[in-house]
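In the working numbering, the protein residues as written are 39 to 288.
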């Protein structure tokens with residue numbers, strides 16, 4: 039069952055449930071993940087998936103519906119983890135987060151937030167996260183992981199929740215053209231967030247001089263800081279991200 043968390047500051051009446059029910063199709067699409075098929079059967083056999091309904095356990099379609107706060111949260115034994123090849127590691131991390139951080143300040147997810155462009159992914163995945171050993175292993179095979187991620191995104195035709203996190207966590211500046219290509223196909227506010235995060239982490243001077251940066255990453259900003267989803271802001275972010283990539287692709 040889909041579980042939506044919200045802060046105590048929000049209304050406690052059933053209007054929240056009505057909004058969630060109304061937006062349920064949008065929510066499922068918004069939380070969709072990319073699922074690699076590299077060694078998927080082997081990886082699933084290594085993960086304790088006893089909490090998955092029997093009729094869904096062998097279905098790859100189940101993992102396409104895993105929301106960021108649910109799904110796989112298992113730690114395999116260290117010898118098994120160390121034995122993973124880069125492609126097996128990639129699949130393992132894409133469908134399984136080893137750490138859980140409780141997020142009591144999380145807010146409800148509804149479509150009404152879409153007019154905003156956020157500076158972080160706090161609405162998406164700040165409860166289930168990759169462990170240090172997962173991140174360290176991914177970084178050790180960074181080039182291979184990027185190649186695998188690019189192939190999965192190309193095959194699926196979209197950048198899922200887990201791919202957004204992967205690109206942010208490994209600082210895949212080289213993936214900016216992939217993001218821009220996806221934006222040419224369909225507007226997605228989270229892709230603008232990813233572009234801004236990559237420019238912020240890359241200490242891009244041109245970006246740091248903008249009011250956008252000041253509003254979402256400046257001294258007065260916070261984890262929920264956002265800017266208007268205007269055409270002007272979208273164009274500015276895309277153009278700066280393209281320049282940022284070209285500056286680094288030399």
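All C-beta atoms, glycine included, are put in the ideal place defined by N, C-alpha and C.
- Exclusion of the five residues before and after residue 85 leaves 110, 112, 114, 134 as the residues of its chain whose Cβ lies within less than 7 Å of its Cβ.
- In this structure, residue 211 lies away from residue 188, with their beta-carbon atoms at least 8 Å apart.
- Restricting attention to 199, 226, 262, 279, the CA atom closest to the CA of residue 248 is found in 279.
- Between residue 208 and residue 176, the C-beta spacing is below 8 Å.
- Taking every protein chain shown into account, the CB of residue 74 has 16 or more other CB atoms within 10 angstroms, so this residue is buried.
- Note that the C-beta distance between residue 242 and residue 196 is not below 8 Å.
- Of the other Cβ atoms in all chains shown, 16 or more fall within 10 Å of the Cβ of residue 157; this residue is therefore buried.
- Residue 276 and residue 166 have their C-alpha atoms some 29 Å from each other.
- DSSP places residue 254 inside the alpha helix (DSSP H), whose first and last residues are 249 to 255.
- If you check the CB distance, residue 265 and residue 250 come in under 8 Å.
- Comparing C-alpha distances from residue 179 to each of 191, 192, 155, 204 shows the shortest one belongs to 204.
- Per the coordinates, the alpha-carbon of residue 131 lies some 13 Å from the alpha-carbon of residue 80.
- In the structure shown, residue 196 adopts coil according to DSSP, grouped into three states.
- A distance of 8 Å or more separates the beta carbons of residue 274 and residue 227.
- Between residue 136 and residue 169, the C-beta spacing is below 8 Å.
- Nearest Cα to residue 121 within the set 172, 287, 213: 172.
- Restricted to the stretch 211 to 273, the beta strand (DSSP E) segments that are unbroken, complete and at least 3 residues in length are 264 to 266, listed in chain order.
- Taking C-alpha positions only, residue 214 is separated from residue 252 by approximately 22 Å.
- Residue 155 is bridged by DSSP to 265.
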